[in-house]
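Quick note: the sequence shown uses this note's numbering, first residue 27, plus one each step. Encoded as structure tokens, the structure appears first; notes follow it.
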Amino acid sequence: MTYPEAAKRTRSSDRTIRTWRRNGMPMQWRVDDAGQRVRVVDEQVLLAWWRDRMQAWPAHFYRMRKRIIEAGNEAPPVPARFTRRKPPVPSETESPQQDPEQPKAASGPTLADVIAELPEFIDQPEHAALTRATEDTPPACDGLETFTYDRFADPEQTEMMRGICRACPLLELCKTLAIAGKPTAGMWAGMTPSEIRRLGTPKTAAAA
């Protein structure tokens with residue numbers, strides 16, 4: 027399957043498939059009808075990789091957990107990797123050590139990676155402000171690939187993502203950048219591209 031075919035099969039975007047490939051998903055080269063070399067992925071490899079990514083995504087776990095509870099079954103325990111805990115503060119004589127039970131950062135794209143790939147955002151002051159902020163404060167969406175999707179067809183999943191955005195410490199900076207840049211993909215400050223376009227220009231939005 028080519029990038030577009032793989033994106034359609036997993037209801038995601040070309041950018042997500044490319045991220046998976048950079049993170050290690052096996053792909054091969056194939057020559058298409060026009061004589062051009064294109065990357066392709068075996069469907070079974072793609073689906074296995076997709077399942078692994080979904081199992082590592084907290085929102086997907088909680089959505090499935092909710093359905094289990096609503097069906098009257100016992101709720102599965104929440105994995106340690108999906109719980110947020112503050113690391114212990116080391117004393118002056120101790121050096122910081124990685125908590126072996128502390129969940130590692132997700133392997134998906136960071137917000138800084140995403141905005142760096144969007145030419146409509148480059149050279150805007152809002153872009154520089156959000157980029158600087160991410161150096162000290164990781165946004166809530168970091169590593170969650172669904173925030174880069176071209177479309178959001180699952181209302182329940184979309185609402186979960188909006189909730190993640192509402193709790194993000196960089197919400198206002200993200201919203202300001204989105205209104206200025208008018209992205210055509212992804213979720214920004216809890217809004218889809220069509221919702222962002224309806225807000226108008228930054229000046230119009232500020233006056234509203």
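Even glycine gets a Cβ: it sits at the ideal position worked out from N, Cα and C. On a predicted model such as this, the values are computed, not experimentally measured, just so you know.
How should residue i be labelled, buried or exposed, when 16 other C-beta atoms within 10 angstroms of its C-beta is the threshold for buried?
| i | result |
| --- | --- |
| P165 | buried |
| W214 | buried |
| A179 | exposed |
| K92 | exposed |
| S220 | exposed |
| A101 | exposed |
| I222 | buried |
| A32 | buried |
| I94 | exposed |
| G169 | buried |
| V140 | buried |
| T15 | With the chain running from 27 to 234 in the structure shown, residue 15 is simply not present. |
| T202 | buried |
| V67 | buried |
| G212 | buried |
| T174 | buried |
Would you say residue i touches the ligand NAP, meaning its beta carbon is less than 7 Å from a heavy atom?
| i | result |
| --- | --- |
| D180 | Of ligands this structure carries none, so the ligand NAP is not represented either. |
Could you compute how far the alpha carbon of residue i sits from the alpha carbon of residue j?
| i | j | result |
| --- | --- | --- |
| N99 | P181 | 24 Å |
| E96 | M90 | 10 Å |
| T45 | Q81 | 17 Å |
| R63 | T160 | 37 Å |
| R172 | D162 | The amino acid at residue 172 is misidentified as Arg; the sequence shows Thr. Approximately 23 Å between the Cα atoms of the pair. |
| R37 | E152 | 30 Å |
| D58 | M51 | 21 Å |
| C194 | R56 | 42 Å |
| A206 | R224 | 12 Å |
| I190 | C167 | 7 Å |
| T157 | L197 | 13 Å |
| G216 | R77 | 25 Å |
| M53 | Q70 | 12 Å |
| D40 | Y29 | 6 Å |
Mapping the DSSP letters down to three states, classify residue i as helix, strand or coil.
| i | result |
| --- | --- |
| T54 | It should be pointed out that residue 54 corresponds to Gln in this sequence rather than to Thr. Looking at Q54 - three-state DSSP - the assignment turns out to be strand. |
| R41 | helix |
| R177 | coil |
| V104 | coil |
| V64 | strand |
| G98 | coil |
| M186 | helix |
| Q150 | coil |
| L247 | Since the first residue shown for the chain is 27 and the last is 234, residue 247 is missing from the structure and cannot be characterised. |
| L73 | helix |
| R224 | helix |
| T160 | helix |
| L197 | helix |
| L170 | coil |
| D78 | helix |
| K208 | coil |
What are the partner residues of residue i, as DSSP defines its beta bridges?
| i | result |
| --- | --- |
| M217 | W214 |
In the DSSP assignment, find the alpha helix (DSSP H) that holds residue i and state where it starts and stops.
| i | result |
| --- | --- |
| P30 | Y29 to R35 |
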